[in-house]
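Protein chains in written order, with the working numbering: chain A, 12 to 320; chain B, 12 to 320; chain C, 12 to 320; chain D, 12 to 320.
Note that the Cβ used here is the ideal one computed from N, Cα and C, for glycine as well.
4 protein chains.
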Amino acid sequence: MSSFTVRTDLALEDRERIEGRGGEIHGVVLEEERREESGICITRVKIETKNGAKIMGKPLGTYITLEAPALTEQDEDYHREVSEELARQLRSVLPDMEKERAVLVVGLGNREVTADALGPQVADNLFVNRHVVMEFGAAAYNKEKMHRVSCIVPGVMARTGMESAEIVHGIVKETKPDLLIAVDALAARSTRRLNRTIQVSTSGIYPGSGVGNHRNALTKESLGVPVIAIGVPTVVDAATIVGDALERMEKDSGLQIIGAREHPQAMSELNNMYVTSKDIDEMIKRLSFTVSEGINIALNMEEIPQKAK
Amino acid sequence: MSSFTVRTDLALEDRERIEGRGGEIHGVVLEEERREESGICITRVKIETKNGAKIMGKPLGTYITLEAPALTEQDEDYHREVSEELARQLRSVLPDMEKERAVLVVGLGNREVTADALGPQVADNLFVNRHVVMEFGAAAYNKEKMHRVSCIVPGVMARTGMESAEIVHGIVKETKPDLLIAVDALAARSTRRLNRTIQVSTSGIYPGSGVGNHRNALTKESLGVPVIAIGVPTVVDAATIVGDALERMEKDSGLQIIGAREHPQAMSELNNMYVTSKDIDEMIKRLSFTVSEGINIALNMEEIPQKAK
Amino acid sequence: MSSFTVRTDLALEDRERIEGRGGEIHGVVLEEERREESGICITRVKIETKNGAKIMGKPLGTYITLEAPALTEQDEDYHREVSEELARQLRSVLPDMEKERAVLVVGLGNREVTADALGPQVADNLFVNRHVVMEFGAAAYNKEKMHRVSCIVPGVMARTGMESAEIVHGIVKETKPDLLIAVDALAARSTRRLNRTIQVSTSGIYPGSGVGNHRNALTKESLGVPVIAIGVPTVVDAATIVGDALERMEKDSGLQIIGAREHPQAMSELNNMYVTSKDIDEMIKRLSFTVSEGINIALNMEEIPQKAK
Amino acid sequence: MSSFTVRTDLALEDRERIEGRGGEIHGVVLEEERREESGICITRVKIETKNGAKIMGKPLGTYITLEAPALTEQDEDYHREVSEELARQLRSVLPDMEKERAVLVVGLGNREVTADALGPQVADNLFVNRHVVMEFGAAAYNKEKMHRVSCIVPGVMARTGMESAEIVHGIVKETKPDLLIAVDALAARSTRRLNRTIQVSTSGIYPGSGVGNHRNALTKESLGVPVIAIGVPTVVDAATIVGDALERMEKDSGLQIIGAREHPQAMSELNNMYVTSKDIDEMIKRLSFTVSEGINIALNMEEIPQKAK
């Protein structure tokens, strides 16, 4: 939820917005796939050129979206399927994982704010073994080879006085992982996507960010190692939700309501406000388990089962 | 936050809404007062007749609102002043407190959802002494007389399988307190009121309620003892915020947008969604301390200082 | 951990202590069984007469102990086996479970003290459905019949001002369950039993108890419904551990050290102290999951699998 | 509580042990002082030579102990006095604090284990301002000059896969504080000292340490900046408590019990076990507030009041 001020953290929604205005975008490739059994829909948006990045308002990279409507329900088998699918998609973007790698997982966000606690709660469920493998080798787990997984929850600036990115940069310099996986709650544009969508991206992450705040970047450029971001939209920006409702009104009524989205009275009080669902605690509890299992499966150096048991 | 579906839990906002339509309401008395030093504004809405109750959409009773704009800031002295003012207002509605009374404080809401954790967090800071006074008397605290304070956090139905009211009814029957103080997070209509308003009311409380769900009532009628409710608005219903923005648009544009608030597309996705502020964790932490201190002062059988030190 | 002052909460350890002094006890029946695959050892101590109760220092009833040494290890399949075995043993003492029953699970102990948080953490993982089944019937879960499960964490007297038993009595009167399952952390005599033993008993439970404090009893006599207690020893009383070490010294040295266990200097500072393991947080997290799964399986009205998958 | 295996983390107790054997230690200077009003006893042990360090079993440095018996009681004014005394002692060892300095506070220990949660809970109450002062200057707080305070809770290796010291080293390299304050729960030898003693030392800290584990050191040598450690003993090693009881028995009985402390049966089960008090949750809650207030006062660049209000 580091990007409340951004309209959407989902490349998929940027793509839809632009498509709505008519068609193809040069430099942006879209692929879609649907898993028959589970109904999970997988979309792959590749932003391949600077022009594409500019239009999309997102950095170059691959953005994979898993849409799994039943994620909001309490169904262990379904969540297992989503975890396995997430693991598959993660492996498709994690480099050189046939070798033993050191992976640092970063749980971004604020543990004290339910809708923003995804990252910290994923960290709680993660299988962490770096300290054991470094001391006793993979043999400690009766394995021949294992990735070394470590994990940090940097906390929020109001409590630490430091940017999350400062903390992570320091730890990366000290412990030298081969790659980073950063988990964070996201803002979507549409309430329909909340808590049922997982985005995996290769373009890094900008915790607590505004535009141009480079001190905050967790990217390959700033860290020297690949950064894979996993996010789940759990909130909608309050100004966005009102603005979108107004636009729909204009369209449906055929009237040009002057100002609409810019209306100062309608918007001024919505700064720093977000919209979330009433059962967000149950959602975060379940989603964080599903995401952490996905990471655990992706990092265990075994084959992913073809389908859930 | 037991009443997300209600447009506002603040009698003050009901009063404003109606006033907006023009004037006086029979059976509803309004008094206002402003504390010069602290800037705290105190409003007392008394709903005295059934007609007044019908128009206001709230039960008979007194509704005291403390509006303290600086409550959102981190200023210990100011919060102390608000606690003392809250204590004064509480004493004005607590009956027969010159005698030693047994008081049960109920912390309603969901500890796992930040915006709904006010009640549980107030309970954490409360001075509880019933067990000590019952065993050793007030002498245990070097006092001549003391109220006996107990406290319960009933939790939410999704975790307990029981209505909060069932749990409280059972405990009241077993421990026979002389009166109840119930603390809960509320829904306001306007974001301007969030986290800076405290309402004290004498009409009981309906946790997790909808209209007519009498099994849920925590009222003098259902419990046999007076129930004082303390609430702080921490959320706005998402449908309310969009609806209000649309109405303002209509008014300002002079256009009658057909359907507006009833627009199905604009509203259907907002069910079970609420709006809250990004720093809600800091807000709740501070507010819960201020409210618990207010209760502690009100129940300590000593004089309340004339002004904060 | 409601019984720190008691030397041991395990009937099995009482039995051993007495046996050590030589043999059979009239009125106390002992049965042992060992599961070959899992190595779980099940002991059933039945205290059948008043004389047996006096010698054992425990009320009449059946005390089933599951000893599962690998419980302290992180092995999901093994924990699943223990959950299923616990479910079997629970069903052997739960009355009339072929009918749909209302079951109240009580999570005793103090969430804020790790070694005492078993009860509250079991409550967190429990499948609770009373509110759903009461409103929509078993059909809501695509079942023909279901028990109705509710759950309460009464908290500790220092925070509530009330005995846990008062809270539970009130809730039982109000919601009228057919039976109670109470979960609590226990004190063992030997550190060898910590975190690897589960006791199921039919004689009720005395939270926060000392002898003769009948206000505190959660028993069939006081509540009117059967009470099944589930406990896991997580601590040893500090005075017990020192006393036992001294006794062993005496025995091994052949010297009669005057006073030994009664030595005032050796013992006076150990009041209100307990011994627990350094990794108690991981232990409680895993054990609470295993116990809650055991309860969930026991209460789901389906057959328990013959062995773990 | 990083040093369970060490007999005591208190230099004061080392001093007593040696004194018991007769007298002065070359290279170790002892000063005592008692505050009349508060009864706080302040002891300053200076280990000035290598020989002194060897005998004491502790590195060179100054070890200040505040013994405040009433710390275990709930008395806000007394705790305020202790906070102010702690602030005075901190200032006596913090270098160059008349200039604006960047201070990193490290909350060591395990938030999930109550007796080990002192460091994390101190962090929760700390006044953190680095991010604000770096962006807006001291003027943001209406001050002319301010230290910049940041704070990290590194967590435990079982959850992060990293040594606390690795995390802290990385953050120090990245954010370049002028000095470190590390807070941790300690092990005492005597239960009498638990929860009523605060040690401030200048010799650094060895989280999760054993002897010779230099990767773990948080010292001036390893970090390049001064490290002030603040600790409160909250546990006693279980083997220590039994061993001490046995020794006392020997002394009092006049018998030489062969083996005593080395008795394998008496000791083998006590590994990884510790002794703590039953009300440790209340203790930690209060102590962490008192320590964090002490740090806040020490770092606020204003004069410390001569005595508590």
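8 Å Cβ cutoff met for residue i and residue j
{"i": "L105 (chain C)", "j": "V93 (chain C)", "result": "no"}
{"i": "V39 (chain C)", "j": "M67 (chain C)", "result": "yes"}
{"i": "S212 (chain C)", "j": "A240 (chain C)", "result": "yes"}
{"i": "A196 (chain A)", "j": "G148 (chain A)", "result": "no"}
{"i": "L205 (chain A)", "j": "V247 (chain A)", "result": "yes"}
{"i": "I209 (chain D)", "j": "V302 (chain D)", "result": "yes"}
{"i": "E96 (chain C)", "j": "R46 (chain C)", "result": "yes"}
{"i": "K287 (chain A)", "j": "M284 (chain B)", "result": "Per the sequence presented here, residue 287 (chain A) reads as Thr, with Lys not at that position. In this structure, M284 (chain B) lies closer than 8 Å to T287 (chain A) by Cβ."}
{"i": "P165 (chain B)", "j": "L115 (chain B)", "result": "no"}
{"i": "T83 (chain C)", "j": "R170 (chain C)", "result": "no"}
{"i": "A98 (chain A)", "j": "A309 (chain A)", "result": "yes"}
{"i": "H158 (chain A)", "j": "E109 (chain A)", "result": "no"}
{"i": "I36 (chain A)", "j": "E44 (chain A)", "result": "no"}
{"i": "L21 (chain B)", "j": "P244 (chain B)", "result": "yes"}
{"i": "M173 (chain D)", "j": "R297 (chain A)", "result": "no"}
{"i": "V124 (chain A)", "j": "I291 (chain B)", "result": "yes"}
{"i": "V117 (chain C)", "j": "A256 (chain D)", "result": "no"}
C-alpha gap between residue i and residue j, whole angstroms
{"i": "G223 (chain A)", "j": "D25 (chain A)", "result": "Caution applies to G223 (chain A), whose pLDDT of 41 falls short of 50 and renders its modelled position unreliable; the value that the coordinates give is listed next. If you take the alpha carbons of G223 (chain A) and D25 (chain A), they lie about 20 Å apart."}
{"i": "A199 (chain B)", "j": "A126 (chain B)", "result": "12 Å"}
{"i": "P80 (chain C)", "j": "G50 (chain C)", "result": "8 Å"}
{"i": "E233 (chain A)", "j": "A193 (chain A)", "result": "The displayed chain sequence assigns Ser, not Glu, to residue 233 (chain A). For S233 (chain A) and A193 (chain A), the distance between alpha carbons rounds to 14 Å."}
{"i": "E27 (chain B)", "j": "G305 (chain D)", "result": "47 Å"}
{"i": "A113 (chain B)", "j": "L191 (chain B)", "result": "9 Å"}
{"i": "T251 (chain D)", "j": "E258 (chain D)", "result": "10 Å"}
{"i": "T19 (chain D)", "j": "F138 (chain D)", "result": "30 Å"}
{"i": "A150 (chain B)", "j": "V144 (chain B)", "result": "8 Å"}
{"i": "S220 (chain A)", "j": "E59 (chain B)", "result": "Low local confidence applies: a pLDDT of 49 at S220 (chain A) is under 50, so the model's placement there is unreliable, with the coordinate-based value given in what follows. Near 52 Å, if we compare the C-alpha coordinates of E59 (chain B) and S220 (chain A)."}
{"i": "V238 (chain B)", "j": "S214 (chain B)", "result": "7 Å"}
{"i": "N62 (chain D)", "j": "E30 (chain D)", "result": "16 Å"}
{"i": "D135 (chain A)", "j": "M168 (chain C)", "result": "30 Å"}
{"i": "R122 (chain D)", "j": "I163 (chain C)", "result": "25 Å"}
{"i": "A228 (chain C)", "j": "E314 (chain A)", "result": "54 Å"}
{"i": "G265 (chain A)", "j": "K69 (chain B)", "result": "39 Å"}
{"i": "R160 (chain B)", "j": "N307 (chain B)", "result": "Residue 160 (chain B) is actually Val in this sequence, not Arg. Roughly 9 Å separates the two Cα atoms."}
{"i": "K57 (chain A)", "j": "L71 (chain A)", "result": "8 Å"}
{"i": "R102 (chain D)", "j": "S103 (chain B)", "result": "47 Å"}
{"i": "D107 (chain B)", "j": "M312 (chain B)", "result": "12 Å"}
For residue j and residue i, believed in contact at Cβ under 8 Å, the rounded distance
{"i": "I182 (chain C)", "j": "I178 (chain B)", "result": "6 Å"}
{"i": "Q132 (chain A)", "j": "S299 (chain A)", "result": "4 Å"}
{"i": "E185 (chain C)", "j": "K184 (chain B)", "result": "7 Å"}
| request: With 7 Å as the C-beta to C-beta threshold (strictly closer), list the residues of the region 193-221 of chain A near chain D in chain order. | output: The region 193-221 of chain A vs chain D, Cβ under 7 Å: nothing.
| field | chain C contacts from the region 226-257 of chain D (Cβ-Cβ distance under 7 Å) | value | A249, I252, V253, A256 and L257
| Which residue spans inside the region 137-203 of chain C form an unbroken beta strand (DSSP E) run of at least 3? | 159-163 and 190-199
| request: Output, in sequence order along the chain, the residues in the region 135-164 of chain C whose CB is closer than 9 Å to any CB in chain B. | output: D135, L137, V139, N140, R141, H142, V143, V144, M145, R159, V160, S161, C162, I163 and V164
| message | To be precise: take each residue of the region 298-309 of chain D, compare its Cβ to all Cβ atoms of chain C, and keep it if any distance is under 7 Å. Which residues remain? | response | none
| query | Which whole runs of the alpha helix (DSSP H) in the region 231-318 of chain B are 4 residues long or more, in chain order? | reply | 231-234, 249-264, 275-279 and 291-309
| query | Where are the alpha helix (DSSP H) runs, 4 residues long or more, that stay fully inside the region 36-111 of chain D, in chain order? | reply | 61-67 and 87-104
| Got a sec: which bits of the region 171-189 of chain D sit with their beta carbon under 8 Å from any beta carbon on chain A, in order along the chain? | Correct list: T171, G172, M173, E174, E177, I178, H180, G181, I182, V183, K184, E185 and T186.
| What residues in the region 75-100 of chain A have a beta carbon less than 9 Å from any beta carbon of chain B? | Listed by position, the residues of the region 75-100 of chain A near chain B (Cβ gap below 9 Å) amount to none.
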